[in-house]
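*Asks:* With numbering that gives the first Met the number 0, you'll find the sequence shown wraps up at 248, consecutive numbering, no jumps.
My structure is below; once you've seen it, I'll send some questions.
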Amino acid sequence: MPAYPLRALVLRKTKLGETDLILTLLAADGRQVRAVAKGARKSKSRLGARVEPFSVLDMLLHTGRSLEIIAEAETVQTHDALRADYDRTMAASVVVDVLDKGSVEGQAEPQLFDMALVTLDVMESAPVAALEPLVLAFLLKSLAMHGYRPSLDRCAACGAEPEAPLAFSVEAGGVLCSHCAAQGSSAQPIAAEARDALRAMMRSRMAEVPEIVVDPSVAREVRWIVRAYTGFHIPSRLRALDYYLGQGR
Ligand SMILES: [Zn+2]
C-alpha cells in the first residue's frame, strides 16, 4: 500500500518494545490516529527528536495491521515555548490530554484541530495569569464542538431567560432559572459574574481569551463548573486537568 501524507498534532507518546514509540495523534481532520515510530528511541534517531507532545508534524504513513507506521516526519511547529516554562507545560498538557481522551478514532472534527493549534500558539506567549482562562475556554469550546455547547443565555430546562439567582446543572447542560433549579436536585447556585465569565469564554476567539477578566470572587466557581461539565461529558480520568486545577489553589 502506498504511503499517504498526514499533518497531525502529537498528543502522547508511549514506549513500544525496545526502541519504538507509539504516537497518539490528532490528525488535521480531527480524527485520532495511533502510529508507530520505529526506532524512535535509538539515540541517533532523527525521528525520535521530533516526536514530542505539542509538536505538529507532516508525516508520510503506511497502513499497518493494527497501527499506522510512520515512514517520514517533518516538523511543522515545535511549540518549544510550551516546554520551556512549567506553567505553560502544565496548561498545554491539559489540552493534549483532553484531546487524547475526547477525540475518537475514525471520527472527524476538522475545527478541533485548528482550535487546538490556536490554543497552543496563544499559550506560548500569553501572560501566565491568562493560562487558566485559556485552559477553561479550550475545554468549553472543544465540548461545544462535540455537540455539548452549554446553555448560558437561556434556562437549559425551560428555555426562559433566567434571572438571578442563577444555578448551573451539568446534567441539564447549562444555567437554570430559579423555577427549574427548584425542581431538580443537581443544580448548584452560581453567581451572575460566573455565568458572564463562561459566556465570555464561549464567545471570544482564543486569541481574545487572555483579555477576559474573571472576577477573583467567582474564579473558583468558574473552575468548578468547567471541571464538572467536562467530567460529565468525558468520563475518562483526566489526570492532567485534575493536577492542573488541584495544584496549590
Ligand atoms: Zn427554567
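The C-beta atom is built at its ideal place from N, Cα and C for all residues, glycine as well.
Computed from a predicted model, the values in this text were never measured in an experiment.
Can you give the beta carbon distance from L151 to G173, rounded, assuming they're within the 8 Å contact cut?
*Replies:* Going by Cβ atoms, the distance from L151 to G173 rounds to 6 Å, so yes, they are a contact pair.
*Asks:* A91: beta carbon under 6 Å from a heavy atom of ligand 1?
*Replies:* It does not: the Cβ of A91 is nowhere closer than 6 Å to a heavy atom of ligand 1.
*Asks:* Report all residues from its chain with a CB closer than 7 Å to the CB of T118; omit the five preceding and five following residues, and keep chain order.
*Replies:* These residues qualify, in order along the chain: V94, L133, F137, M205.
*Asks:* Tell me, please, whether the segment 64–71 touches the segment 99–117 by the rule of three or more beta-carbon pairs shorter than 8 Å.
*Replies:* The answer is no - the segment 99–117 does not touch the segment 64–71, with fewer than three Cβ pairs under 8 Å.
*Asks:* Just checking A181 against ligand 1 - is the residue's beta carbon closer than 6 Å to any of the ligand's heavy atoms?
*Replies:* For ligand 1, not one heavy atom lies less than 6 Å from the Cβ of A181.
*Asks:* Following a CB-centred definition, is A70 positioned closer than 6 Å to any heavy atom of ligand 1?
*Replies:* Because no heavy atom of ligand 1 lies under 6 Å away, the Cβ of A70 does not count as near it: no.
*Asks:* Just verifying my parser: in three-state terms, what is the DSSP assignment at L244?
*Replies:* Note: L244 maps to helix in three-state DSSP.
*Asks:* For S141, which residues of its own chain have a beta-carbon under 8 Å away from its beta-carbon, when the five flanking residues on both sides are left out?
*Replies:* V97, L98, G101, L111, M114, A115.
*Asks:* Tell me which same chain residues have a C-beta within less than 6 Å of the C-beta of I233, skipping the five on either side of it?
*Replies:* Closer than 6 Å at Cβ, skipping near neighbours: K100, G101.
*Asks:* Using alpha carbons as the reference points, say which of A7, V121, I211 lies closest to K55.
*Replies:* According to the sequence displayed, residue 55 carries Val and not Lys. Measuring from the Cα of V55, the nearest candidate turns out to be A7.
*Asks:* Ligand 3 and A166: does the residue's C-beta get closer than 6 Å to at least one heavy atom of that ligand?
*Replies:* Looking at this structure, you won't find ligand 3 anywhere; what it does contain is ligand 1.
*Asks:* I'd like to know if the segment 70–89 and the segment 41–60 are in contact, where contact means that at least 3 CB-CB pairs between them fall below 8 Å.
*Replies:* Result yes; three or more Cβ-Cβ pairs closer than 8 Å.
*Asks:* Let's test the definition: count the other Cβ atoms within 10 Å of the Cβ of P1 and tell me whether it reaches 16, buried, or not, exposed.
*Replies:* With fewer than 16 Cβ atoms within 10 Å of its Cβ, P1 is classed as exposed.
*Asks:* Straight-line CA distance for A180 to Y242?
*Replies:* Approximately 31 Å, taken between the alpha carbons.
*Asks:* Name the two residues that bound the continuous beta strand (DSSP E) containing P132.
*Replies:* Counting along the chain, P132 falls outside any beta strand (DSSP E), though it belongs to the alpha helix (DSSP H) covering 130–144.
*Asks:* In its own chain, which residues sit with a C-beta less than 8 Å from the C-beta of L237, not counting the 5 before and 5 after it?
*Replies:* The answer, listed in chain order, is V93, D96, V97, K100, T229, G230.
*Asks:* Is the beta carbon of A156 within less than 6 Å of some heavy atom of ligand 1?
*Replies:* At least one heavy atom of ligand 1 is nearer than 6 Å to the Cβ of A156, so yes.
*Asks:* Report, in whole angstroms, the separation of the C-beta atoms of V169 and L197, which I expect to be a contact under 8 Å.
*Replies:* V169 to L197, Cβ: 12 Å. No contact.
*Asks:* How far does the alpha helix (DSSP H) with M58 in it reach, from first residue to last?
*Replies:* Premise fails: M58 lies in the beta strand (DSSP E), 55–62, not in any alpha helix (DSSP H).
*Asks:* What residue from R49, R11, L244 has the CA that sits closest to A218's CA?
*Replies:* The candidate whose alpha carbon is nearest that of A218 is L244.
*Asks:* Taking the alpha helix (DSSP H) that T229 belongs to, which residues open and close that run?
*Replies:* Note, T229: alpha helix (DSSP H), 218–232.
*Asks:* Rounding to the nearest angstrom, what Cα-Cα distance links A36 and D28 in this structure?
*Replies:* Their backbone Cα atoms lie some 21 Å apart in a straight line.
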